[in-house]
Amino acid sequence: MSPILWLSNGVTVSNLIIGTESSSGIWCSGSCTLKNVYFERVCTHAAAFNATTDFTKTDRRSFTYTVEGGAGLHALDKMFVQSGPGKTIINNFCGDGFQKVWRSCGTCNDEVSQNSKQRTVTITNSNFTGKGHVIASGNAPYKDKVSFNNVKIFGYKNRSTRIVYACGEVKPEISEDHLATGASNWYKPGQTGTGTVCNYPASAVKIVN
């Protein structure tokens with residue numbers, strides 16, 4: 002499915018509402034900033050964060066993908082997926098209903114190989130309610146990193162709106178849902194992230210209700 006917007010390297014989009022008929026949302030080809038962008042109903046994903054089209058396996062560049070403000074509702078799967086090497090910064094964002102808020106690429110296509118730079122995400126000052134599977138999950142073999150600060154979880158005590166995990170660590174070749182069942186490298190809200198991907202204090206993700 003084609004994206005609603007395809008952003009070139011360095012582009013900023015501000016004060017935008019993407020309606021319920023959208024398919025693949027926004028695709029960033031290189032660094033981008035989404036400021037106060039609201040996704041009324043997420044289909045495939047709200048935004049995909051990719052490398053530039055001329056990126057190669059030997060390329061040493063990395064990119065920055067910034068989500069400042071805004072919200073996403075009712076995602077069938079991921080809100081944000083990052084395949085380009087570099088970092089995603091999510092601040093002051095609200096998410097309601099999703100499988101994953103952020104996910105790094107699985108096996109990764111040719112633009113990002115196992116020998117390429119890692120992908121990282123920092124989520125701060127953001128609020129989430131489910132039903133949801135995990136806020137962020139990354140690939141341990143690729144040395145991905147997830148960090149949180151002042152993330153608040155709402156609806157956790159109700160099974161119909163619960164977010165099961167704050168962070169998860171996966172291997173690209175194995176199903177994420179398969180690993181999640183009873184796996185020690187998945188961390189619930191309120192738990193300390195002590196893994197290689199998930200590393201943050203328990204206070205970083207707070208259960209409000």
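With our numbering applied, the sequence shown corresponds to residues 2 to 210, in that order. The beta-carbon is built from N, C-alpha and C at its ideal position, and this holds for glycine as well. Being a predicted model, the structure only gives us computed values, none of them experimental.
Answer with buried or exposed for Arg-61, where buried requires no fewer than 16 other C-beta atoms within 10 angstroms of its C-beta. Mapped onto the sequence shown, residue 61 falls at position 60. Flag for Arg-61 reads exposed.
Which residue or residues does DSSP assign as beta-bridge partners of Gly-139? As a working note, residue 139 is residue 138 in the sequence shown. Partner(s): Glu-170.
Taking the Cβ atom as the reference point for each residue, do Gly-131 and Thr-162 lie within a distance shorter than 7 Å? Residue numbering aside, residue 131 sits at position 130 when the sequence shown is read from its first letter. Residue numbering aside, residue 162 sits at position 161 when the sequence shown is read from its first letter. Yes.
Measure the C-alpha to C-alpha separation of Gly-191 and Lys-158 and round it to an integer number of angstroms. Position 190 of the sequence shown, counted from the first residue, corresponds to residue 191. Position 157 of the sequence shown, counted from the first residue, corresponds to residue 158. Straight-line Cα distance between these residues: approximately 13 Å.
Whole-angstrom C-beta distance between Ile-164 and Gly-196, which should lie under 8 Å: Residue numbering aside, residue 196 sits at position 195 when the sequence shown is read from its first letter. Residue numbering aside, residue 164 sits at position 163 when the sequence shown is read from its first letter. That pair is no contact at about 18 Å.
First and last residue of the beta strand (DSSP E) that includes Gln-83? As a position in the sequence shown, residue 83 is number 82, starting the count at 1. That run of the beta strand (DSSP E) goes 79 to 83.
Exposure label - Ile-18; buried when at least 16 CB within 10 Å: The sequence position of residue 18 within the sequence shown is 17, counting from 1. Ile-18 is exposed by the Cβ-count criterion.
For Asn-37 versus Asn-16, is the C-beta spacing smaller than 7 Å? Counted from its first residue, the sequence shown places residue 37 at position 36. Counted from its first residue, the sequence shown places residue 16 at position 15. One thing to note: Asn-37 has its Cβ within 7 Å of the Cβ of Asn-16.
Measure the alpha-carbon distance for Leu-6 versus Trp-28 and round it to whole angstroms. Looking up residue 6 in the sequence shown gives position 5. Looking up residue 28 in the sequence shown gives position 27. Near 6 Å, if we compare the C-alpha coordinates of Trp-28 and Leu-6.
So Cys-33 packs on Val-12, CB below 8 Å; how close in whole Å? Against the sequence shown, residue 33 aligns to sequence position 32. Against the sequence shown, residue 12 aligns to sequence position 11. At roughly 5 Å, the Cβ-Cβ gap stays under 8 Å, so Cys-33 and Val-12 are in contact.
Range of the contiguous beta strand (DSSP E) that encloses Glu-69: As a working mapping, residue 69 is identified with position 68 in the sequence shown. It spans 64 to 69 - the beta strand (DSSP E) in which Glu-69 sits, taken as one unbroken run.
Is DSSP giving Arg-160 helix, strand or coil here? In the sequence shown, residue 160 corresponds to position 159, counting from 1. It is helical.
Would you say Phe-50 and Gly-96 are within 7 Å of each other, going by their C-beta atoms? By one-based count along the sequence shown, residue 50 stands at place 49. By one-based count along the sequence shown, residue 96 stands at place 95. Taking 7 Å as the Cβ cut-off, Phe-50 and Gly-96 do not qualify as a contacting pair.
Exposed or buried, what is Ala-72 when buried is set at 16 or more other beta-carbons lying within 10 Å of its beta-carbon? Stepping through the sequence shown from its first residue, residue 72 is reached at position 71. Here Ala-72 is buried, its C-beta having at least 16 other C-beta atoms within 10 Å.
Using C-beta distances below 7 Å, list every residue in its chain close to Thr-182, excluding the 5 sequence neighbours before and after it, in chain order. Residue numbering aside, residue 182 sits at position 181 when the sequence shown is read from its first letter. Low confidence applies here, because Thr-182 scores a pLDDT of 44, under 50, leaving its location unreliable and the question unanswered by this model.
What's the call for Arg-77, buried or exposed, on a 16-neighbour Cβ count within 10 Å? As a working note, residue 77 is residue 76 in the sequence shown. In the sequence as displayed, the identity of residue 77 is Leu instead of Arg. Leu-77 comes out exposed.
Beta-carbon contacts of Gln-100 that lie in its chain and below 6 Å, excluding the five residues immediately before and after: Stepping through the sequence shown from its first residue, residue 100 is reached at position 99. Within the same chain, Gln-100 has close Cβ partners Asp-78 and His-134.
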